[in-house]
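In this note's numbering, the protein residues as written are 4 to 270.
Idealized CB from N, CA, C, for every residue including glycine.
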């Protein structure tokens, strides 16, 4: 089994990066692993910590329509260059944490996908250089308020709600270039999404190089690489599980987000 790198919160509230052991205890590191974190003599038992999102990125850069079949189901042709958008770092949430359904939307969709974790500062990189700066891989669910995406001229609101970027449950260093990405709802055995990362239009190293010519990528930053076809709506109470071969499964349950009603002042 590949080494699994996690980020956890101890019972005292301290945040740590660590190595997940077969018995689900965690060997604590003294720094993030992409910053040369070393193993300490601290080990936390499986019942002595809470699993958090596996990194705390300064930014999440995402890619739309990076699978041909998904581009077709969303309408329009294939992009000639990567279609970028961003999610705020506050959208990041953990494995088993709730996805909060905001009252502003009438339709939120799942979008299971592979996420890249940057291990080094990356600016104006070639594809070969970019490949060396990808530290690892995890699973993401690019939750989207589809009705707001259609309504707005840009995607900040539709993609940016708190909890709209589940990540996890851990990071691995290596991944098959043909790994399968599958999304399941509730107890269904048949996936609603089923694709291979080999089907990406723009490969991971090409995405990193392209983004690095626009903005500097920092260690721990996250790149969402796009979703295969089969995106669809979630309802309150749904349990959504994204599985990537060679990593594991990211699971979250949808809950209502309660907000006080605040009227919007009109001119």
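Check, Outcome
"If we count Cβ pairs, one from each stretch, closer than 8 Å, do we get three or more for the segment 116-126 versus the segment 76-88?", "no"
"Can you name, in chain order, every residue of its own chain whose Cβ lies under 7 Å from the Cβ of residue 177, other than the five neighbours on each side?", "5"
"Enumerate in chain order the residues of its own chain whose CB-to-CB distance from residue 242 is below 6 Å, with the five nearest sequence positions on each side excluded.", "189 and 256"
"Please return the same chain residues whose Cβ sits closer than 6 Å to the Cβ of residue 246, not counting the five positions on each side in sequence.", "185 and 252"
"Determine, using beta-carbon pairs with one atom in the segment 147-161 and one in the segment 128-137, whether at least three such pairs fall under 8 Å.", "no"
"Would you mind sorting residue 79 into buried or exposed? The rule is 16 or more other CB atoms within 10 Å of its CB.", "exposed"
"Measuring alpha carbon to alpha carbon, tell me which residue in 116, 48, 9 and 51 is nearest residue 182.", "116"
"Where residue 93 and residue 81 are concerned, what is the direct C-alpha to C-alpha distance, given to the nearest angstrom?", "30 Å"
"Could you check if residue 44 is buried or exposed, using at least 16 other CB atoms within 10 Å of its CB as the buried criterion?", "exposed"
"May I ask you to list the residues that DSSP assigns as paired with residue 65?", "88 and 227"
"Under the three-state reduction of DSSP, which class applies to residue 37: helix, strand or coil?", "helix"
"I'd like to confirm the pairing. Which residues does DSSP put opposite residue 142 in its beta bridges?", "117 and 171"
"Starting from the C-beta of residue 67, find all residues in its chain whose C-beta is less than 7 Å away, skip the five residues before and the five after it, and write them out in chain order.", "86, 88 and 229"
"Give the secondary structure of residue 46 by DSSP, where H, G and I count as helix, E and B as strand, and everything else as coil.", "strand"
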